[in-house]
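Participant: Attaching a single structure in structure tokens format; questions to follow.
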Amino acid sequence: MFQISFYNQKYRYPRQINSFYQSLSIKFERLMQFAIEEPKLNVPSSQIQLYLFNIEEKYEIKIVNQQEKVKKKCEIIRLINNKRKIKNKMMSQIYKKSKHNKKKKKKEFYFLQLRLIQFSNAEPKPDAPRALIQLYLFKYRRKNEQLNSQLEGKCEEKIGNNEINQLIIKEKVKNKIMSQINKGRQKKQVQQKEKELYYFKLVFIIKYFTPKQINCFYQRSSVKFQRLTQFAKAEPKPDVP
Numbered sequence: 379m380f381q382i383s384f385y386n387q388k389y390r391y392p393r394q395i396n397s398f399y400q401s402l403s404i405k406f407e408r409l410m411q412f413a414i415e416e417p418k419l420n421v422p423s424s425q426i427q428l429y430l431f432n433i434e435e436k437y438e439i440k441i442v443n444q445q446e447k448v449k450k451k452c453e454i455i456r457l458i459n460n461k462r463k464i465k466n467k468m469m470s471q472i473y474k475k476s477k478h479n480k481k482k483k484k485k486e487f488y489f490l491q492l493r494l495i496q497f498s499n500a501e502p503k504p505d506a507p508r509a510l511i512q513l514y515l516f517k518y519r520r521k522n523e524q525l526n527s528q529l530e531g532k533c534e535e536k537i538g539n540n541e542i543n544q545l546i547i548k549e550k551v552k553n554k555i556m557s558q559i560n561k562g563r564q565k566k567q568v569q570q571k572e573k574e575l576y577y578f579k580l581v582f583i584i585k586y587f588t589p590k591q592i593n594c595f596y597q598r599s600s601v602k603f604q605r606l607t608q609f610a611k612a613e614p615k616p617d618v619p
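Using the numbering used here, the first residue of the sequence shown is number 379, and each one after it goes up by one.
Written out as structure tokens, the structure is:
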């Protein structure tokens with residue numbers, strides 16, 4: 379056993395880890411190479427938007443053609459152009475935001491991928507929070523330290539105390555919510571266990587218990603029949619009608 383565990387630690391597990399990270403790096407390179415091309419500005423992103431865009435254009439052309447005077451036509455065309463300019467600006471802003479978010483996500487993914495490859499066997503620090511409660515406490519202490527360092531004077535102390543009280547109240551509310559969530563999860567787990575036991579009992583009864591009962595019943599009936607055949611009287615009594 380010791381030899382097998384030593385072999386696994388030295389040869390097998392490192393190979394598995396390296397193959398896993400190599401596959402991740404290949405996927406990441408493919409994502410970077412064959413990224414989806416970004417659409418042009420002011421282009422409708424779906425078929426429904428394109429359909430609506432075409433309907434608006436047709437409606438605007440009809441309105442312009444209905445007018446007989448040139449001045450009114452020019453005014454309507456100016457209004458339509460102003461409307462389109464505003465729409466194009468809004469669409470460009472939305473596109474820029476989406477582009478910025480995509481770049482952010484790519485950078486984060488690249489950073490995580492590098493971390494996975496470089497620090498694959500790294501262990502967490504002893505002071506690092508490992509649970510949600512520890513993380514909340516760590517943030518709470520950090521905020522308190524920052525507030526205490528910034529507090530100077532009586533007015534500032536009052537403001538800091540109020541903020542601390544607000545934080546304490548928020549944490550109490552969070553703790554209550556988490557306790558309620560945990561209670562609900564525990565109830566669900568208990569219900570699932572009860573269901574599993576019920577189905578297990580059903581299967582056990584159908585598969586093992588009922589066949590045994592049936593066999594016992596037929597065995598008893600066969601024994602009774604054998605006794606009847608053994609001790610049956612061949613001839614009736616003479617007094618019997």
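Using N, Cα and C, we set each Cβ at its ideal position, and we do this for glycine too. Just so it is clear, the structure is predicted and the values come from calculations on it, not from any experiment.
#1: DSSP three-state label for Q445, please.
#2: Give every residue of the same chain whose Cβ lies closer than 6 Å to the Cβ of K451, excluding the five residues on either side of it in the sequence, and list them in chain order.
#3: Could you give the distance in angstroms between the alpha-carbon of K521 and the alpha-carbon of V551?
#4: Near L545, what residues of its chain come up, given a Cβ to Cβ distance below 7 Å and the 5 sequence neighbours on each side ignored?
#5: Please report how far the alpha carbon of E572 lies from the alpha carbon of E549, in whole angstroms.
#6: What does the alpha-carbon distance come out to for the pair E523 and K566?
#7: K554 to K485, Cα distance in whole Å?
#8: Are the beta-carbon atoms belonging to E438 and I464 less than 8 Å from one another?
#9: Could you tell me which of L575, K447, K461 sits nearest to E434, measuring between CA atoms?
Facilitator: To lay it out plainly:
#1: In the three-state scheme derived from DSSP, where H, G and I count as helix and E and B as strand, Q445 is classed as coil.
#2: For K451, where only same-chain residues beyond five positions count, the Cβ hits under 6 Å are V442, Q445.
#3: K521 and V551: Cα-Cα distance of roughly 18 Å.
#4: Setting aside the 5 residues that flank it on each side, L545 is surrounded in the same chain by Y518, K521, each with a C-beta closer than 7 Å to its C-beta; the list follows chain order.
#5: Our two residues, E572 and E549, have alpha carbons roughly 34 Å apart in a direct line.
#6: Straight-line measurement puts the Cα of K566 at about 40 Å from the Cα of E523.
#7: Looking at the backbone, the Cα of K554 and that of K485 are separated by about 37 Å.
#8: In this structure, I464 does not lie closer than 8 Å to E438 by Cβ.
#9: Comparing C-alpha distances from E434 to each of L575, K447, K461 shows the shortest one belongs to K461.
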